[in-house]
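Chains as they are written, first to last, in my numbering: chain D, 137 to 434; chain G, 137 to 434. Note that the Cβ used here is the ideal one computed from N, Cα and C, for glycine as well. Remember, it's a predicted structure, so these values are computed and weren't measured experimentally. Worksheet for the structure shown next.
Below you can see the structure in the form of structure tokens.
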């Protein structure tokens, strides 16, 4: 059986079942970051993301932007747990034919975004590889009472997103701003219940929150902030690499932040009982049942 | 200019110069692990190692052993700092044609060695990639007064290695035991000055200690423990992937551990003033000046 038959999440599920972790692991595989015991007030966050030439970018793209993206996707994972990113190590797979100037630009892209977000690049590994491959592993910290994971959405919660959705393939996926500052604003000003970053499309990533929180959701087409780069609603719902925050919080908390940060965060629907599944109300208030689909890695 | 012209260490050097880190980074790029502030008594260690099909292993090899190796090389880095490994995340690049059974075996190899050394596998990322690629990022801890880095060798120190050297390509590189227990024995029973794991060959890795400690070394051919798998002395000096510990400590400390752990650790020479460079005395006591060479990644 080829892996395409079970997909990325099938593979992760198979593996996860076999893993045992000790009491210092608050949350292992299955969220944006692993959550580890740190001290009395804080958890440590640990995540990695690999990007590969021909899959996540093509070679002719500016290596500065490729380096930037490699670090940005991990920043986005730390943000998705409401964390503050701290340190990263970078594993780099390079074809022997790579040019030093190309690698210099790649480094510069990594360094600049790390610096912008106050992250120390503390080490790495360089290997020969047939295609350019960059894996960034990042550490962050989060206050215990601020952490936002995928399993804490509650019926009645308002579902919100940062920014606008869709069409990332037309440029944003290489230049997006990881929502670290927005997540820290949330952690300082509201009690977020569940959060994830949208990497595989709104519907697929919302599906992770719904499944892990054991709830359903109603979305409203007229509320969904569609990017000017998006072709249509479908694109905003299903296309990958938006790297925006998708989160849920109580009505009271939502009202607070949506008033102060209009345009930064938008409400798009609400969490409901699991029995309703995932529904979208269109502009004429017709109800559509949505199936989880989105970017497939295999 | 192609990267082969400056090599892995040239690239790392170029990058390192551009990096600034804050006060929580005790040691950044350039050692086996990054060393980070943790609490009053301990440092956190952070490292990553990427292995790639066709470079570090071939596809026909048992995926169990490939998975095992991917985790073992990072365990070896933690050991090289005298640390105790704790958690890891795994980024996996898989060709779309990969078979689920293959991936299951790969996972099992990772899981078994992680379990053997008390390491939690806490997360990861699975991407499509043209060749099987595995990057393991690992966290560990080490007591502040036990840490062993590359820059602390002193003239008069005895140079020691664990195990035997050379010929790893004939099997050991896929089955080696990372020297975590041996390193923890050292940390509990001796004051180690400098330490590194031998991944690119004894002479090249000793070169890192000499350069970073600003010292020279004399080695004695008759003392070098040559593996039964090694073809000859050259092989023991220069071939990669032994994953043994190479360390220096005072004569008194060396005498203590060499008496108790004969066969586990062997003395191979001594640290001298930098002006002597790196020399080898052969069995007839003739002196040879050695140049740093070893495994080249590019």
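Own chain, CB closer than 7 Å to residue 218 of chain D, minus 5 neighbours either side, in chain order: To locate residue 218 of chain D, count along the first chain from 1; it is residue 82. Correct list, in chain order: 278, 282, 283, 284, 319, 322, 323, 328 and 331.
The ligand FAD and residue 155 of chain D: does any heavy atom of the ligand fall closer than 7 Å to the residue's C-beta? Ligands displayed in this structure: none; no statement on the ligand FAD is therefore possible.
Would a check of beta-carbon distances place residue 114 of chain D closer than 8 Å to chain G? With chain D covering only 137 through 434, there is no way to say anything about residue 114 of chain D.
With 8 Å as the limit, tell me which residues of the region 223 to 249 of chain G have their beta carbon closer than that to any beta carbon of chain D; keep them in chain order. 223, 225, 226, 227, 228, 229, 230, 232, 233, 234, 235, 236, 237, 239, 240, 243, 244 and 247
Taking C-beta to C-beta, are residue 172 of chain D and residue 162 of chain D nearer than 8 Å? As a working mapping, residue 172 of chain D is identified with position 36 in the first chain. As a working mapping, residue 162 of chain D is identified with position 26 in the first chain. Yes, they are a contact pair.
Among residues of its own chain, excluding the 5 on either side of residue 243 of chain D, which ones have a beta-carbon nearer than 8 Å to its beta-carbon? Here residue 243 of chain D corresponds to residue number 107 of the first chain, with the count starting at 1. These residues qualify, in order along the chain: 203.
Please identify, using Cβ separations under 9 Å, the residues of the region 182 to 203 of chain D that lie next to chain G, in order along the chain. 182, 183, 184, 185, 186, 187, 188, 189, 190, 191 and 192
Would you mind working out which of G:272, G:237 and G:211 sits nearest residue 200 of chain G, comparing C-alpha positions? Here the question's residue 200 of chain G lines up with position 64 in the second chain. Minimum Cα distance to residue 200 of chain G is reached at G:237.
Give a yes or no on whether the minimum CB-CB distance between residue 410 of chain G and chain D is below 8 Å. As a first step, residue 410 of chain G is located in the second chain; it is residue number 274 there, counting from the start. False, the Cβ-Cβ gap to chain D never drops below 8 Å.
Buried versus exposed, by CB contacts within 10 Å (16 or more), residue 353 of chain G: For this step, residue 353 of chain G is matched to residue 217 along the second chain. It counts as buried.
Given that residue 256 of chain G touches chain D, what residues does it touch there, using C-beta distances under 9 Å? Taking the second chain and counting its residues from 1, the one referred to as residue 256 of chain G is at position 120. Result: 155, 156, 157, 158, 160, 161, 164, 170 and 172.
Return yes when the Cβ of residue 349 of chain D is within less than 8 Å of the Cβ of residue 288 of chain D, no when it is not. Counting from one through the first chain, the residue named residue 288 of chain D turns up at place 152. Counting from one through the first chain, the residue named residue 349 of chain D turns up at place 213. Going by C-beta atoms, residue 288 of chain D is nearer than 8 Å to residue 349 of chain D.
Hey, out of G:424, G:178, G:379 and G:293, whose CA is closest to residue 216 of chain G's CA? In the second chain, counting from the first residue as 1, residue 216 of chain G sits at position 80. Taking only the C-alpha atoms, the option nearest residue 216 of chain G is G:379.
Between the Cα of residue 364 of chain G and the Cα atoms of G:418, G:397, G:413 and G:305, which residue gives the shortest distance? As a first step, residue 364 of chain G is located in the second chain; it is residue number 228 there, counting from the start. Per the Cα distances, G:305.
Proximity below 8 Å, CB of residue 271 of chain D to CB of residue 227 of chain D: If you number the first chain from 1, residue 271 of chain D lands on position 135. If you number the first chain from 1, residue 227 of chain D lands on position 91. Closer than 8 Å, so yes.
Please check if any C-beta of chain G sits within less than 8 Å of the C-beta of residue 433 of chain D. Translated into positions along the first chain, residue 433 of chain D becomes position 297. Chain G contact via Cβ: present.
Please report the residue range of the alpha helix (DSSP H) in which residue 312 of chain D lies. For the purposes of this step, residue 312 of chain D is taken as residue 176 along the first chain, with counting starting at 1. That residue, residue 312 of chain D, is in no alpha helix (DSSP H); it is neither H nor E in DSSP.
Which of helix, strand or coil DSSP assigns to residue 388 of chain G: Taking the second chain and counting its residues from 1, the one referred to as residue 388 of chain G is at position 252. Helix at residue 388 of chain G.
Residue 188 of chain G: first and last residue of the uninterrupted alpha helix (DSSP H) it sits in: Residue numbering aside, residue 188 of chain G sits at position 52 when the second chain is read from its first letter. No alpha helix (DSSP H) contains residue 188 of chain G, which is instead part of the beta strand (DSSP E) from 178 to 188.
Step through the CB atoms of chain G and report whether any lies within less than 8 Å of the CB of residue 331 of chain D. Walking along the first chain from the start, residue 331 of chain D turns up at place 195. Residue 331 of chain D does not count as touching chain G.
Between residue 267 of chain G and residue 190 of chain G, is the Cβ-Cβ spacing less than 8 Å? Within the second chain, residue 267 of chain G is the residue found at index 131, counting from 1. Within the second chain, residue 190 of chain G is the residue found at index 54, counting from 1. Yes, Cβ-Cβ distance for residue 267 of chain G and residue 190 of chain G is below 8 Å.
Between the Cα of residue 420 of chain D and those of D:391, D:411 and D:358, spot the shortest distance and give me the residue it belongs to. As a first step, residue 420 of chain D is located in the first chain; it is residue number 284 there, counting from the start. The shortest Cα separation from residue 420 of chain D among D:391, D:411 and D:358 belongs to D:358.
I'd like to know if residue 144 of chain D contacts chain G, where contact means its C-beta is closer than 8 Å to some C-beta of that chain. Here residue 144 of chain D corresponds to residue number 8 of the first chain, with the count starting at 1. It does: the Cβ of residue 144 of chain D has a partner Cβ on chain G nearer than 8 Å.
Does DSSP put residue 320 of chain D in a helix, in a strand, or in coil? Residue 320 of chain D sits at position 184 when you count from the first residue of the first chain. Correct three-state label for residue 320 of chain D: helix.
What residue from G:343, G:408, G:261 and G:187 has the CA that sits closest to residue 433 of chain G's CA? As a working note, residue 433 of chain G is residue 297 in the second chain. Of the candidates G:343, G:408, G:261 and G:187, the one whose C-alpha sits nearest the C-alpha of residue 433 of chain G is G:187.
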